[in-house]
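Enquirer:
Residue numbers (our numbering): 564 to 632.
(1) Starting from residue 617, follow the beta strand (DSSP E) in both directions and report where the run begins and ends.
(2) Is residue 592 helix, strand or coil by DSSP?
(3) I'd like to know if the stretch 592-601 and the stretch 567-574 are in contact, where contact means that at least 3 CB-CB pairs between them fall below 8 angstroms.
(4) Do you know offhand how far residue 606's Cα is from residue 617's?
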């Protein structure tokens with residue numbers, strides 16, 4: 564059990580390090596309501612300046628299309 568917690572923590576740390584090293588994060592959405600929520604959240608995140616990365620939103624027709632764009 565503890566081994567899985569350790570592995571999960573290491574994976575989490577790796578993801579955080581990767582995210583923080585990027586200039587921006589693109590959040591992919593597949594509906595108008597998701598896009599609106601993402602846009603609102605993105606504006607709030609970018610306005611505060613608390614995070615070192617910019618958040619942007621990309622809407623696609625489906626989840627596969629979101630990954631390709």
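Glycine residues also receive a C-beta, built at the ideal position from the N, C-alpha and C atoms. These numbers come from a predicted model, not from an experiment.
Expert: The relevant details are as follows:
(1) In the chain shown, residue 617 corresponds to position 54, counting from 1. Where residue 617 is concerned, the enclosing beta strand (DSSP E) stretches over 617-622.
(2) To locate residue 592, count along the chain shown from 1; it is residue 29. Of the three classes helix, strand and coil, the one that applies to residue 592 here is strand, per DSSP.
(3) Contact fails: fewer than three Cβ-Cβ distances are below 8 angstroms.
(4) Working through the chain shown from its first residue, we reach residue 606 at position 43. Working through the chain shown from its first residue, we reach residue 617 at position 54. Going by the C-alpha atoms only, they are around 9 angstroms apart.
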